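In the numbering used here, the protein residues as written are 5 to 430.
Positions of the beta carbon are idealized from the N, C-alpha and C atoms, including for glycine.
Owing to the predicted nature of the structure, the values given are computational and were not obtained by experimental measurement.
Report on the structure given below.
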């Protein structure tokens, strides 16, 4: 006979399942629910483009050769793709062949073919270029996680289909099955380290430079190189955020864990699970928006978000201010704070990280303006990007030692993208 504790647990579970419509729901019901939610969200959004989504090549799971796990999130797991072996008889291959029959593809369109993606899966035949993002096993064992994971992955694909910027991760392909499927996946550029790991690397290099051997072997030059690398990273991130904000997209989770570096060392923002388009129908007269509170990571979260007040694009600027401090200080902000301490000291009383007196005033001022407790006082990413690009110019020595005419790589690549699009429409 079951114990009283077991009977109590059983009754509690029965009550919970009675109040929770998702408990015990079959996969088809969950998928129908996800489809309905995704369709409603898509109808309310102006930035998604069905035509763009259809451009991306499709692959069947059996065509991909996976390697080690690169990371795990709340809903998904990311694996390295070590190779792609095309199956010419697959449904995905036949669909693409029919779509491109008797059609001369432009260079831009060629990049959206199965063969193009497959032949470039390894750089120089050795280094993996791609990663696959799919639902984790934990999602498959929990109806709530499964539903949320399906929706998040589908919406991320929609965002990445339309966002084209050198410092936003690129989606290269998707699963041959539709997004509302337990087997759906995205093929993305593989990232080789996160910003958090890169910060630790910068810090270690700086420490070595202070040693006797470091001083003998040109520590000053290495210090300047690290300083420039950190400033270029900050400027490129600001450029990517400006691009998103120009599309009325708020990111809401800017932190080192969501920033990585690709095989060439270019910085990339990834994980668009919390991104949202700001629409007029959720806008208040004061310019803020009706958005979910306490969204993102506490350490980088704007006070108004932590307080569940209406907020807008300036919440991302606050996050960037704290992130910029972390990049320059090569340290973790509020590292010793508990959640309670953070709420009391940072959110309520306005505590912020201390700026080192040795830093240029323009850096400290940019941080302080960005993390202002008053959202309206924070600068736009247009202003931030301009300031940081100017700093990059100052830090980059030219051949005559007088400075540099560094052209922002983001701007140049974005121009190339625009020209490519014009060629397609011509």
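Listed in chain order, the non-local C-beta contacts of residue 230 below 7 Å within the same chain comprise 206, 209 and 210, local neighbours out to five positions each way being set aside.
With the rule of 3 Cβ pairs closer than 8 Å, the region 273-282 does not count as touching the region 318-329. Under the 8 Å Cβ criterion, the region 111-127 does not count as touching the region 299-314, having fewer than three qualifying pairs.
Residue pairing for residue 83: DSSP places it in a beta bridge opposite 73 and 136.
The DSSP-derived three-state label of residue 190 is strand. In the DSSP assignment, residue 175 forms a beta bridge with 192. For residue 264, DSSP records a beta bridge to 198 and 272.
DSSP places residue 112 in the uninterrupted alpha helix (DSSP H) bounded by 111-114.
A Cβ-Cβ separation of about 33 Å leaves residue 131 out of contact with residue 51 under the 8 Å criterion. Residue 293 carries a strand assignment under DSSP once its states are collapsed to helix, strand and coil. Closest in alpha carbon position to residue 344, among 302, 245, 77 and 187, is 302.
The straight-line gap separating the alpha-carbon atoms of residue 108 and residue 289 is approximately 50 Å.
In the three-state reduction of the DSSP assignment, residue 280 falls in the strand class, which pools E and B. In this structure, the beta-carbon distance from residue 62 to residue 179 falls below 8 Å. Leaving aside the five residues that flank residue 252 on each side, the residues in its chain whose CB is nearer than 7 Å to its CB run, in chain order, 281 and 282. Note on geometry: alpha-carbon atoms of residue 162 and residue 74 lie some 23 Å from one another. A straight-line Cα-Cα distance of about 46 Å links residue 386 and residue 91. Contact check for residue 193 against residue 124 fails: the beta carbons are separated by 8 Å or more. Three or more beta-carbon pairs separated by less than 8 Å are not found between the region 144-164 and the region 255-267, which leaves the two stretches without contact. Using a C-beta cut-off of 8 Å, the region 181-195 makes contact with the region 30-44, since at least three inter-stretch Cβ pairs fall below that distance. Exclusion of the five residues before and after residue 298 leaves 305, 309, 310 and 312 as the residues of its chain whose Cβ lies within less than 8 Å of its Cβ.
Comparing alpha carbon positions, the residue from 67, 190 and 126 closest to residue 60 is 190. C-alpha of residue 99 to C-alpha of residue 65: approximately 16 Å in a straight line.
Looking from the CA of residue 172, the closest CA among 195, 296 and 346 belongs to 195. Inter-residue distance for residue 239 and residue 356 is about 22 Å (C-alpha atoms, whole angstroms). As a beta-bridge residue in DSSP terms, residue 127 pairs with 131. A direct Cα-Cα distance of roughly 25 Å separates residue 334 from residue 276.
Judged by beta-carbon spacing, residue 271 lies beyond the 8 Å limit of residue 232, meaning their Cβ atoms are not closer than that value. Shown here for residue 122: same chain residues with a beta carbon closer than 6 Å to its own, the five before and five after excluded, namely 88 and 90 in chain order.
Rounded to whole angstroms, the gap between the alpha carbons of residue 126 and residue 295 is 41 Å.
Linking residue 258 to residue 106 through their CA atoms gives a straight-line distance of about 45 Å. In the assembly as shown, residue 156 is a buried residue. Its beta-carbon has 16 or more other beta-carbons within 10 Å. Here residue 88 is bridged, per DSSP, to 68. Taking C-beta separations shorter than 7 Å and ignoring five residues to either side along the sequence, the partners of residue 197 in its chain run 264 and 265, following chain order. For the pair residue 95 and residue 138, the Cα-to-Cα distance works out to about 20 Å. In the structure shown, residue 63 falls within a strand segment according to DSSP collapsed to helix, strand and coil.
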